[in-house]
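A short write-up of the structure that comes next.
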Amino acid sequence: MDYSLIAILALVVTLMLFVAEIFVPSGGLIAVLALTCMAGSVWAAWMAWWETSPSLWWTYIASVVILIPTTLGYAVRFFPNT
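Start counting the sequence shown at 983; every next residue gets the next number (this note's numbering).
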């Protein structure tokens, strides 16, 4: 696997862990795992795209900044219906 695939997969896992943190009472353990996974995702994206295409790396960072609050917002909005 190359770093770009790791970055994308780790971002997907990060988003799933943040949603799980909303629904599963874990005392913050899932949130710590999600933050660790997010850090690994950003690192893998940096390794994949910083030297070859910095604009792609900044696009990835912007998508992370947009996707995480959006995912958490939808999870919190969906939570009262469960």
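Cβ atoms here follow ideal geometry from the backbone N, Cα and C, with glycine treated the same way.
In the structure shown, the three-state DSSP call for residue 1045 is helix. DSSP, read as helix, strand or coil, puts residue 1022 in helix. Per DSSP, reduced to three states, the secondary structure at residue 1053 is helical. Under the three-state reduction of DSSP, residue 1034 is assigned to coil, being neither helix nor strand. Judged by DSSP in its simplified three-state form, residue 1029 adopts helix. Here residue 1035 is not near residue 993, since their CB atoms are 8 Å or more apart.
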